[in-house]
Structure formats: structure tokens, C-alpha cells
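Asks:
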Amino acid sequence: MKAFIFDLDGVLVDTAKYHYIAWKTIGTSFNFNLTETQNEGLKGISRTDSLDLMLEWAGTKVSLEQKEILLRQKNEHYLELIQEMDRTEILPGVLTILNFAKENSIPVALGSASKNAQLILKKLDLLPYFHSIVDGTHVTHSKPNPEVFLLGAKNLNTPANQCVVFEDAAAGVAAAKAAQMVAVGIGDPIELAAADYIFNSLESIDSNLLQTLAAI
Ligand code: BG6
Ligand code: MG
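Take the sequence shown: its letter number 199 is residue 202 in the working numbering, and every next letter is one higher.
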């Protein structure tokens, strides 16, 4: 029995650019200028952990109440930015792999830190492909903790070592490996060096490799 588990942001859709705009705006409220390099370090990390990291980088502290306000403001801005999102924003190669899984009866789960995952999958018309959706509303530990992927495997009734995870973030690859899963990294080979396979896009995964992954 095999299963595929997909990260959302950066794998199915390029939301990093919207998260960046929204976090950068929040940063200005405490005189912090978030750089693109720093933004890379926020990939795969939960909303709360992202804010905590930014406050640490800025060398500043805010009250719990102020944190709640900043988190709400960030998400409201982010939701505005993705308001018009539709299936044209699905990243290249995604539908090929999802259709391969469907045709080969491979169960598919989402394993994302995002609390907006359901909404985004709906906007992209991708909900019907997923047998289980595990997102930031279901887990207590952020990637690199393996909780999100282990829960996905459990929901799909598949042993962890029979799951293949598609991830764009170093924290996500670490989480997949901690869960004893096969990790396919999508992005920078240096940053994702811990992955079992690395590609610059899902589009680069050909049908031979898909057959191999399905036979793991
Ligand atoms: C991850 C993204 O998938 O989800 C992070 O890579 C994001 O950038 C995190 O902060 C939480 O997302 P959300 O939608 O709940 O704010
Ligand atoms: Mg991601």
C-alpha cells in the first residue's frame, strides 16, 4: 500500500509571494524590514511560529494581546491577497501527479501547516483529489515535527514508510524524514539536501519516476 502526501504552499500553489507581502507589512509595524532571504526561513512554519521568529529577528517583544492582533491582521491581509485565486494558479505538474494517483488508486492526503488550506484547495478546485486533509487546525506541533504527516498516514490507513511526501520547505523535508517517509523535495537542492529526491518543479517528475515512487 502506497500513499502520497502533499504540502500545500509552494508545492500545489505559489502562495509564498502573498505570505511575504503580508508578513512584510506586519513587520513594518515594529520597524522590521523582512528580507526575501528571511522569508525563506518562514516556509513551512506555522503562523504563530513565523511571528515569533520575526519578533526574534527584530530583537523585540510584544504582549500576548498584541501578538493576537498582529496574527489576525496578517491573516486578513493574506486572505485579501488570495481573494481572486483560482485554478490558473495551480503549479505546473500538480494535475499530472494527482491524476496519476487517481488512476492508480493511490490514496492522497494534504499535510500543511496552513489554517487556510481547505479554502485554498476549494479555490483551486482540488478538493476532490484528497482523501484526507491535515492542516494547521489539526496539529499542535509545527514542522519539522512529523505530526502532520503521521496523522495523514493514519487517516489514509497507510504505514508511514509507505508514504511519499512532496515538500518545498526544509522544515517539511525534515518532518517527512522524521516520520520515516520518502521525501521528494521541490526547490533548492542545497536547502533540501535531506530529501530522497530533489526537483526544481513537480513538472520535472516524469512517469518513470512516478512508477518508481508508487512502487516504494
Ligand atoms: C505554511 C506556509 O504552509 O503555512 C507558511 O509555508 C505559512 O508560510 C503557514 O505561514 C501557515 O499558514 P496560514 O495560512 O495558516 O497562515
Ligand atoms: Mg510549503
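Each residue gets a CB set at the ideal place from its N, CA and C atoms; glycine is no exception.
For the beta strand (DSSP E) containing Asp201, list its first residue and its last residue.
Replies: It is worth fixing the name first, because residue 201 is Ile in this sequence and not Asp. Unbroken beta strand (DSSP E) run through Ile201: Tyr200 to Phe202.
Asks: What are the boundary residues of the beta strand (DSSP E) that includes Ile136?
Replies: Where Ile136 is concerned, the enclosing beta strand (DSSP E) stretches over Ser135 to Val137.
Asks: Anyone know if the C-beta pair for Leu74 and Leu54 falls short of 8 Å?
Replies: Yes, the Cβ-Cβ distance between Leu74 and Leu54 is below 8 Å.
Asks: What do you get for Ile208, buried or exposed, if any count of 16 or more other CB atoms within 10 angstroms of its CB means buried?
Replies: Classification for Ile208: buried.
Asks: Closest to Leu58 by CA distance: which of Ile8, Ile136, Trp26 and His80 is it?
Replies: The candidate whose alpha carbon is nearest that of Leu58 is Trp26.
Asks: Is there contact between the region 157-169 and the region 35-44, where contact requires at least three CB pairs shorter than 8 Å?
Replies: Not touching, per the Cβ criterion.
Asks: Here's a check: name, in chain order, each residue in its chain whose Cβ is nearer than 6 Å to the Cβ of Asn78, leaving out the five neighbours to either side.
Replies: There are no such residues.
Asks: Does ligand 2 have a heavy atom nearer than 7 Å to the CB of Gly175?
Replies: Checking every heavy atom of ligand 2 against the Cβ of Gly175, one is found closer than 7 Å.
Asks: By Cβ distance below 7 Å, which residues in the same chain neighbour Glu206 in space, the five residues on each side in sequence not counted?
Replies: Answer for Glu206: Pro95 and Gly96, listed in chain order.
Asks: Is the region 122-131 touching the region 9-25, taking contact as three or more C-beta pairs under 8 Å?
Replies: Judged by Cβ distances under 8 Å, the region 122-131 makes contact with the region 9-25, as three or more pairs qualify.
Asks: Should Ile193 be labelled buried (16 or more other beta-carbon atoms within 10 Å of its own) or exposed?
Replies: Per the 10 Å Cβ criterion, exposed.
Asks: Suppose contacts are defined by Cβ-Cβ distances below 8 Å. Is Val167 in contact with Leu101 by that definition?
Replies: Cβ distance not < 8 Å, so Val167 and Leu101 don't count as in contact.
Asks: Is it buried or exposed for His144, if we count other Cβ within 10 angstroms and need 16 for buried?
Replies: So His144 counts as exposed.
Asks: Let's see if you can read the secondary structure: which residues bound the alpha helix (DSSP H) around Val168?
Replies: Here Val168 belongs to no alpha helix (DSSP H); instead the beta strand (DSSP E) covers Cys166 to Glu170.
Asks: Just to be sure I understand the criterion: a residue counts if its Cβ is closer than 7 Å to at least one heavy atom of ligand 4. Which residues meet that?
Replies: Ligands displayed in this structure: ligand 1 and ligand 2; ligand 4 is not among them.
Asks: Which one of Ala198, Ser115, Ile189 and Ala197 has the shortest CA to CA distance from His141?
Replies: Minimum Cα distance to His141 is reached at Ser115.
Asks: Using only the heavy atoms of ligand 1, determine whether one of them is closer than 7 Å to the beta carbon of Lys105.
Replies: No, Cβ of Lys105 sits at least 7 Å from all heavy atoms of ligand 1.
Asks: State yes or no: is the C-beta of Gly139 nearer than 7 Å to some heavy atom of ligand 1?
Replies: Yes, ligand 1 has a heavy atom inside 7 Å of this Cβ.
Asks: So what does DSSP say about Phe35, is it helix, strand or coil?
Replies: In this structure, Phe35 counts as coil in the three-state DSSP scheme.
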